[in-house]
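Chain order of the listed sequences is A and B. Residue numbering for the first sequence follows the numbering used here, starting at 552 and increasing by one per position. Residue numbering for the second sequence follows the numbering used here, starting at 552 and increasing by one per position. We put the beta carbon where it would ideally sit given N, CA and C, even for glycine. No experiment lies behind these values; they were computed from the predicted model shown.
There are 2 protein chains.
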Amino acid sequence: MSSDSSNADILLKNPVSFLDNSNPAGDIAISSRIRLARNISGHAFPSTASEEDSAKVCEEISAAAGETAVFAHRGALSFTSSEMSKLDRKILLERRLASKEFFTKIPGRRLLVCPQEACSLMINEEDQIRLQVIRPGMQLHQVWKEIDQLDDELGKHLNFAFDNQLGYLTSCPTNVGTGMRASVMLHLPALVLSGQIDQTVNGISKLNMAVRGIFGEGSEHLGALFQISNQSTLGESETHIIDQLEQLIKQLINCEKHARRELMEKKQNFLLDHIGRAYGLLKYSYVLSEKEALNALSGLRLGVYLELFKNLDIRKVNELLIELSPAHLRKKAGIELNDRECDEFRASYCREKLRQTS
Amino acid sequence: MSSDSSNADILLKNPVSFLDNSNPAGDIAISSRIRLARNISGHAFPSTASEEDSAKVCEEISAAAGETAVFAHRGALSFTSSEMSKLDRKILLERRLASKEFFTKIPGRRLLVCPQEACSLMINEEDQIRLQVIRPGMQLHQVWKEIDQLDDELGKHLNFAFDNQLGYLTSCPTNVGTGMRASVMLHLPALVLSGQIDQTVNGISKLNMAVRGIFGEGSEHLGALFQISNQSTLGESETHIIDQLEQLIKQLINCEKHARRELMEKKQNFLLDHIGRAYGLLKYSYVLSEKEALNALSGLRLGVYLELFKNLDIRKVNELLIELSPAHLRKKAGIELNDRECDEFRASYCREKLRQTS
Numbered sequence: 552m553s554s555d556s557s558n559a560d561i562l563l564k565n566p567v568s569f570l571d572n573s574n575p576a577g578d579i580a581i582s583s584r585i586r587l588a589r590n591i592s593g594h595a596f597p598s599t600a601s602e603e604d605s606a607k608v609c610e611e612i613s614a615a616a617g618e619t620a621v622f623a624h625r626g627a628l629s630f631t632s633s634e635m636s637k638l639d640r641k642i643l644l645e646r647r648l649a650s651k652e653f654f655t656k657i658p659g660r661r662l663l664v665c666p667q668e669a670c671s672l673m674i675n676e677e678d679q680i681r682l683q684v685i686r687p688g689m690q691l692h693q694v695w696k697e698i699d700q701l702d703d704e705l706g707k708h709l710n711f712a713f714d715n716q717l718g719y720l721t722s723c724p725t726n727v728g729t730g731m732r733a734s735v736m737l738h739l740p741a742l743v744l745s746g747q748i749d750q751t752v753n754g755i756s757k758l759n760m761a762v763r764g765i766f767g768e769g770s771e772h773l774g775a776l777f778q779i780s781n782q783s784t785l786g787e788s789e790t791h792i793i794d795q796l797e798q799l800i801k802q803l804i805n806c807e808k809h810a811r812r813e814l815m816e817k818k819q820n821f822l823l824d825h826i827g828r829a830y831g832l833l834k835y836s837y838v839l840s841e842k843e844a845l846n847a848l849s850g851l852r853l854g855v856y857l858e859l860f861k862n863l864d865i866r867k868v869n870e871l872l873i874e875l876s877p878a879h880l881r882k883k884a885g886i887e888l889n890d891r892e893c894d895e896f897r898a899s900y901c902r903e904k905l906r907q908t909s
Numbered sequence: 552m553s554s555d556s557s558n559a560d561i562l563l564k565n566p567v568s569f570l571d572n573s574n575p576a577g578d579i580a581i582s583s584r585i586r587l588a589r590n591i592s593g594h595a596f597p598s599t600a601s602e603e604d605s606a607k608v609c610e611e612i613s614a615a616a617g618e619t620a621v622f623a624h625r626g627a628l629s630f631t632s633s634e635m636s637k638l639d640r641k642i643l644l645e646r647r648l649a650s651k652e653f654f655t656k657i658p659g660r661r662l663l664v665c666p667q668e669a670c671s672l673m674i675n676e677e678d679q680i681r682l683q684v685i686r687p688g689m690q691l692h693q694v695w696k697e698i699d700q701l702d703d704e705l706g707k708h709l710n711f712a713f714d715n716q717l718g719y720l721t722s723c724p725t726n727v728g729t730g731m732r733a734s735v736m737l738h739l740p741a742l743v744l745s746g747q748i749d750q751t752v753n754g755i756s757k758l759n760m761a762v763r764g765i766f767g768e769g770s771e772h773l774g775a776l777f778q779i780s781n782q783s784t785l786g787e788s789e790t791h792i793i794d795q796l797e798q799l800i801k802q803l804i805n806c807e808k809h810a811r812r813e814l815m816e817k818k819q820n821f822l823l824d825h826i827g828r829a830y831g832l833l834k835y836s837y838v839l840s841e842k843e844a845l846n847a848l849s850g851l852r853l854g855v856y857l858e859l860f861k862n863l864d865i866r867k868v869n870e871l872l873i874e875l876s877p878a879h880l881r882k883k884a885g886i887e888l889n890d891r892e893c894d895e896f897r898a899s900y901c902r903e904k905l906r907q908t909s
C-alpha cells in the first residue's frame, strides 16, 4: 500500500469510478453509495479519544484493512490527513472519498482508498470506521453485497462495538443500529425544469428518506443533482432499507422520464432552449463559475441523452462534472489560481473540451 | 411612384440603407441622420387642421415632392397611413422611416420613401413636412448637403412658413428656427462594459446635446446603441450645429476606441467572455427575446470588429439588427405569430444565420 504525498496525483490519473458511463439507469441515476459506521469495543469514540488512543485505533484498523483483498491490493492508497496539502484534501472531497469532518485537526486520521476508488475507508472520522462503497448507476444491491462482504472481512480482525438490542454503536445516535447510510445520486433536470421538483422533494421527506443537493443543504437545485438517502438506521434490516430506497428511486426515475417526455412533446422549444443556452455557455464563455458550470453541465447531460449533439458522449460530460471542480482545476493548472483565475481556467478548459463538438 | 399596399414588401427586399457596411467610422458610428421640419404658409398645423385642409396640404406637398429627382424616381414608394396593415406600419417604424406619431388617426397622412430608403418624407405628422435623410456611418455633412438640396427643391414649389426673426415655424416651439434635428447612432459597447457610459452621457447632456437609447427614453443601454442629437434649433446655423455635433461624436468615438483597447489589454477575458456568451446565445438558443437579441448582437458586433469570428462579417450582424425586429420577423414568417412564437422564430432565424460561423 503506497503512502507518499503524491497519492492525490495518482488518483487524478483515474477516471472517477462513480462517473463511469454505460451503467444501469445511468442517464438518471448517477451513482449508488453505501457507507457503514463502525467502532471498536473498548476504545472511546474519536471525538473524546486521547491522541494516543486514536493513533492505536488507527494502526489497528489499518492492519485489519491490510488483511482484506481490497485494501491489501498493491494499487491501494493511504492518505494521512495531517500530511496532506490543502489542495490534495479538496481533491479527496471532490472525489467524494473523504468528508470535511475528516480534515479537522483530530490526530490519528487516515484514509484508505482501493484502486479505482470504489471502496474507501476513513479512520477516526466521526466514527472510528467509515467504510464506503460507491458504484456508477443504479446498483444499490450490488454495492450492498460488496460492502457487506468487506465489513465481514474487517469483522474477522476487529471487535466491533455491538449491542444485541441496539445493533452497531456509533458516535451519533442517528447512526446506531445498522450504522448504514445508503444513497443514490440522481440527475433530475426535467423535474426541475417543469417545476415539479419541490413537490417531489416534499413527498420524499414524508417517506422517511432524505433529499440533499450535491453540496448539501441549501444547494438543492444546483446542477439538478439530488442525493436521496435513508433517514433511519434503527429497527430495520439493511436489505429492507435498501429495498425501500430502491423502490423510491425507481419511482423518481419514472417521474423524471415522464417529465422529459412531457417537455419534449409539449414544451420542446423551452427544453431545447435550456439545453442550447447551456451548451453555448460552456462552449464560448471565458469566465465560468462553478455554479454556472454545474447548471450548464446539467443541461448538456440531458441534451446528450436526448441525442442532440455530435461528437459529444456522456463520458465526456461526466468527466467534466468532476474536472471542472475547483481543486481538480487547480491541480490540472499546476500553478496557484485565485478564484477569478480559476473561473477563467474553467472556461478555457471547457471550451477546449467541447471544441470538436456540435 | 408606386402606391399599392404591398409597398412594405418591396422595402423588405432592400437591405436597410443605414446599415450598410464599409462606411466612415462604421465600427462605432452606425448611421447619420438629419430631419427637417417645415410647414406651408396659410395652413394650420396638422394637429388643428381640418380634415379637408389636411387632405389639401397632403396633395400639395406630394405634388411638390413629385417635382424632385429623389421622389419622382419610379422606384420611390408612397404609403398612406390609413390604408396600411398594423404589421406594415411596424415595418416602417423598425426601418426608421416613420414615427409612432405618424400612425395616429389624423387623416391626410402620407409617407414618401425614395429607392434605397435614404430619403423619406412624412406628410402631416407633427409638422406638415418631416423630411429625413439617413446614411450609414459618420457622414453628417454629406447628409446635410443632400437634405439641404432637397429642401431647396421643395422650397421652389412650396411657400414655407418662415419668420425673419425666428426662422422656420414649427408646430412645437422646440423645433422653431432651423427645424433641424441631426443625430448619429453610435455603438458604444466598451463604454458600457467598462462602466464609463453614465459619466459620458452626463457629460453630453451638459453640452446641450441629447442622448437616447435605441428605443428612446429608458432604453439607454439596450444593445449599447445610443442616438446623439442636437437639442437647440434656434439662434445657430445648421452647419454650426452639425460641426458641434460632429466634434462631440468624434470625441465619443475616440473614447469608445480607447475603452476597447483598455479592455483588450487589461480585462481581455472579461471582454471575450461577454462576446462569447453573446455568440453562444445567438447560436444555440431556441427562445430569444428582442432585448436579449439586441444585447447579444451588440456583443457580436464588437467581436466582429475585434476579428474574433470566422465566416461572420459585419454585414451579417448589421442585417440581423433589423431582421430580428418583431415586425420584420413576422413579415418573414408569413404567418401570425404571438409573442412567444415570435421569440422562437427569432431564435431559429438567428441559429440558421449563424450556422456556418465559428
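(1) Express the C-alpha separation of Ile642 (chain B) and Leu563 (chain B) in angstroms, rounding to a whole number.
(2) Determine the direct distance from the alpha carbon of Glu858 (chain B) to that of Arg589 (chain B), and round the result to whole angstroms.
(3) Counting only Cβ-Cβ distances shorter than 9 Å, please list the residues of the segment 830-858 of chain B near chain A, keeping chain order.
(4) Sorted by chain position, which residues of the same chain lie with C-beta nearer than 6 Å to Ser734 (chain A)'s C-beta, five sequence neighbours on each side aside?
(5) Against chain A, does Gly827 (chain B) count as a neighbour if the rule is that its beta carbon must be under 8 Å from one of theirs?
(6) From the DSSP output, read off the bridge partner residues of Val664 (chain A).
(7) Is His708 (chain B) closer than 8 Å to Glu610 (chain B) when the C-beta atoms are compared?
(8) Quick one: measure Cβ to Cβ for Lys606 (chain B) and Pro658 (chain B), integer angstroms, because I've assumed they're closer than 8 Å.
(9) Taking Cβ-Cβ distances shorter than 9 Å, what residues in chain A pair up with Glu813 (chain B)?
(10) Report the three-state DSSP secondary structure of Pro687 (chain A) (helix, strand or coil).
(11) Can you tell which of B:Leu682, B:Ile792 and B:Phe569 has its C-alpha closest to the C-alpha of Gln782 (chain B)?
(12) Determine the chain B residues that contact Phe821 (chain A) at a beta-carbon separation under 9 Å, and present them in chain order.
(13) Check this for me: beta carbons of Ser582 (chain B) and Arg686 (chain B), under 8 Å apart or not?
(14) Taking only beta-carbon atoms, is Glu903 (chain B) less than 8 Å away from chain A?
(15) When DSSP labels each residue in this structure, what does Asp714 (chain B) get in the three-state scheme?
(16) Looking only at DSSP bridge pairs, what is Arg584 (chain B) linked to?
(17) Suppose only complete runs of 4+ residues qualify. What are the alpha helix (DSSP H) ranges in the segment 766-839 of chain B, listed by chain order?
(18) Are His825 (chain B) and Gly850 (chain B) touching if we call contact CB-CB under 8 Å?
(19) Mapping DSSP to helix, strand and coil, what is Arg763 (chain A)?
(20) Excluding the five sequence neighbours on either side, which residues of its own chain have a C-beta within less than 6 Å of the C-beta of Ile674 (chain A), listed in chain order?
(21) Within 8 Å of any Cβ in chain B, is that where the Cβ of Glu895 (chain A) sits?
(22) For chain A, is any of its Cβ atoms less than 8 Å away from the one on Asp824 (chain B)?
(23) If you run the structure through DSSP and keep just helix, strand and coil, what is Arg891 (chain A)?
(24) Give the range of the alpha helix (DSSP H) segment to which Leu744 (chain A) is assigned.
(25) Check whether the Cβ of Leu859 (chain A) sits closer than 7 Å to any heavy atom of the ligand NAD, and report yes or no.
(26) Suppose you measure from the CA of Glu903 (chain B) to the CA of Val838 (chain A); what does that come to, to the nearest Å?
(27) Using CA coordinates, which residue listed in B:Ala844, B:Leu823 and B:Ala878 is at the minimum distance from Val855 (chain B)?
(28) Sort A:Arg812, A:Phe860, A:Asp678 and A:Arg828 by Cα distance to Ser598 (chain A) and report the nearest one.
(29) Need the endpoints of the alpha helix (DSSP H) that Asn753 (chain A) sits in, please.
(30) Compare the beta carbon distance of Met689 (chain A) and Ile800 (chain A) with 8 Å and say whether it is the shorter of the two.
(31) For Cys893 (chain B), which residues in the same chain have their Cβ closer than 7 Å to its Cβ, ignoring the five residues on either side in sequence?
(32) Given a cut-off of 8 Å, decide if Thr908 (chain A) and Leu863 (chain A) are closer than it, judged by their beta-carbon atoms.
(33) With a CB to CB cut of under 7 Å and the five nearest residues on each side skipped, what residues in its chain are close to Pro666 (chain A)?
(34) Looking at the structure shown, is Gly854 (chain A) part of a helix, part of a strand, or coil, going by DSSP?
Looking at the coordinates:
(1) 9 Å
(2) 45 Å
(3) Tyr830, Gly831, Leu832, Leu833, Lys834, Tyr835, Ser836, Tyr837, Val838 and Leu839
(4) Arg584, Gln778 and Ser780
(5) yes
(6) A:Leu628 and A:Ser671
(7) no
(8) Looking at the sequence provided, one finds Ala at residue 606 (chain B) rather than Lys. Right, the Cβ-Cβ distance comes to about 7 Å (below 8 Å), so this counts as a contact.
(9) Within 9 Å Cβ-Cβ: nothing; Glu813 (chain B) doesn't reach chain A, min ~17 Å.
(10) strand
(11) B:Ile792
(12) Tyr837 and Val838
(13) yes
(14) no
(15) strand
(16) B:Ile685 and B:Ser734
(17) 789-817 and 819-835
(18) yes
(19) strand
(20) Cys609, Ile612 and Arg661
(21) yes
(22) yes
(23) helix
(24) Pro740 to Leu744
(25) With respect to the ligand NAD, the structure offers nothing, as it holds no ligand at all.
(26) 27 Å
(27) B:Leu823
(28) A:Asp678
(29) Ile748 to Lys757
(30) yes
(31) Pro877, Leu880 and Arg881
(32) yes
(33) His624, Gly626 and Ala627
(34) helix
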